[in-house]
Every structure is written in C-alpha cells, then in structure tokens.
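Chemist: Okay, so the sequence shown: first residue is 4 according to my numbering, each after it adds one. Beta carbons: idealized from backbone N, C-alpha and C, even for Gly.
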Amino acid sequence: MGLKARLKELYDGSSADAHRFRYGLLVFDLVTIAFVIISSFLQSTGTEIADAIVGVVLLADFAARLWISPSRLRMLLHPYGIADMLVLVSLLAPIVGEGFAFLRVLRVFRLLRSYQMLSRLRQDFKWFRDNEQTVLAATNLGIFMFIMTAI
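1) Where does PRO73 sit, in a helix, a strand or coil, going by DSSP?
2) Just checking my contact of ARG25 with MET120 at CB under 8 Å: how many whole Å lie between their CB atoms?
3) Taking 8 Å as the threshold (C-beta atoms), are VAL60 and PHE38 in contact?
4) How far does the alpha helix (DSSP H) with SER93 in it reach, from first residue to last?
5) From GLU51, ALA86 and LEU124, pick the residue whose C-alpha is nearest to that of ARG23; which is it?
6) Go ahead and pull the three-state DSSP assignment for MET151.
7) Would you give the residue range spanned by the alpha helix (DSSP H) that PHE31 belongs to?
8) Is the distance from the Cβ of THR35 to the Cβ of SER42 below 8 Å?
9) Just to confirm, are ALA86 and LEU10 a CB contact at a threshold of 8 Å?
10) PHE128 by DSSP, collapsed to three states: which one?
11) So what's MET78 in DSSP terms, helix, strand or just coil?
12) Would you identify the three-state DSSP class for MET4, choosing helix, strand or coil?
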C-alpha cells in the first residue's frame, strides 16, 4: 500500500488502525486546547517553542489531509481550511498571528462533526450515546466563547 493510500485509510477508513489514529488526533486536539488555555495565563517566554512544535504537527496533519483530498481547492476555501491555515500562521509565526491561536478549538468541532468520529464514539462509549446532544452543545458553546472572547 502506498503512502497516499495508507493516509486515506487512516483519515477516512474503518479499520481498527484508522479508528485508533482518529482517536489519537482527538486526544492531540484536546491536549492542544488545554495548552492554549494554560499558555494564555503564562508569560509568552517559552511558549513559542511549544507553539512551533504543535504548529509543525498540525502542518503535517493539514498537508496530509490536503494531499488525500479529492478537491484541494475546495478544502482550502472551506471555512475549516481557512481556520486551519490561520491556526498554522498563528503557531508558526507567533508575532504575526498571535491573535488567531484561539481558532485551534475549531479542530475539535470539526472532528466531532465528522460522521466517522461520531459513529465511532457512539459505538464505543455508552456515555457518549446517552449524552451526545449535551456534548455537542457544550462543544458549540465552548467554541462560541473562545471566538467571542478573542474578538
């Protein structure tokens, strides 16, 4: 299996490896959001290195998704694609895009809106099945609060 086919399977497939990979992305996104919240209370000294590391990982993720996308232009012009690019700028060039770091929260929103992720969470966790609407509403509220606070 070639690299592109393997990435397509990991991002869009239904294998056990694909599910673990997407759960890994979800955990990474949650850790990133915790980092954003915690680093907002710290002085900027030292957070630029962590921002750059997170930025490189997110850049690799974005590049992989762009590579396997059937319509690259559509992905780039989609609001989530634009938000991802702003996040990358904010992480990799902190002086230029520092105010856009809050958009990292949109990654969790996108993941939770993904049909595969929702289906897998419903299948794997009874608690999520029972509280799905509450989780999604809390996610939407959290994203709204981050965006309005930043604005």
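Modeler: So, to answer that:
1) By one-based count along the sequence shown, residue 73 stands at place 70. Of the three classes helix, strand and coil, the one that applies to PRO73 here is coil, per DSSP.
2) Within the sequence shown, numbered from 1, the residue matching residue 25 stands at position 22. Within the sequence shown, numbered from 1, the residue matching residue 120 stands at position 117. That pair is a contact at about 6 Å.
3) For the purposes of this step, residue 38 is taken as the residue at position 35 of the sequence shown. For the purposes of this step, residue 60 is taken as the residue at position 57 of the sequence shown. It is not a contact, given that the beta carbons lie outside the stated cut-off.
4) For the purposes of this step, residue 93 is identified with residue 90 of the sequence shown, where counting begins at 1. It spans 82 to 95 - the alpha helix (DSSP H) in which SER93 sits, taken as one unbroken run.
5) Counting from one through the sequence shown, the residue named residue 23 turns up at place 20. With distances taken between Cα atoms, ARG23 lies closest to LEU124.
6) Numbered from its first residue, the sequence shown carries residue 151 at position 148. If DSSP states are grouped into helix, strand and coil, MET151 belongs with the helices.
7) For the purposes of this step, residue 31 is identified with residue 28 of the sequence shown, where counting begins at 1. Unbroken alpha helix (DSSP H) run through PHE31: 19 to 42.
8) As a position in the sequence shown, residue 35 is number 32, starting the count at 1. As a position in the sequence shown, residue 42 is number 39, starting the count at 1. It is not a contact, given that the beta carbons lie outside the stated cut-off.
9) Taking the first residue of the sequence shown as position 1, residue 86 is located at position 83. Taking the first residue of the sequence shown as position 1, residue 10 is located at position 7. Not a contact, by the Cβ cut-off of 8 Å.
10) The residue labelled residue 128 in the question sits at position 125 within the sequence shown. Coil, per DSSP.
11) If you number the sequence shown from 1, residue 78 lands on position 75. Helix.
12) Here residue 4 refers to the residue found at position 1 of the sequence shown. Residue state, collapsed to three classes: coil.
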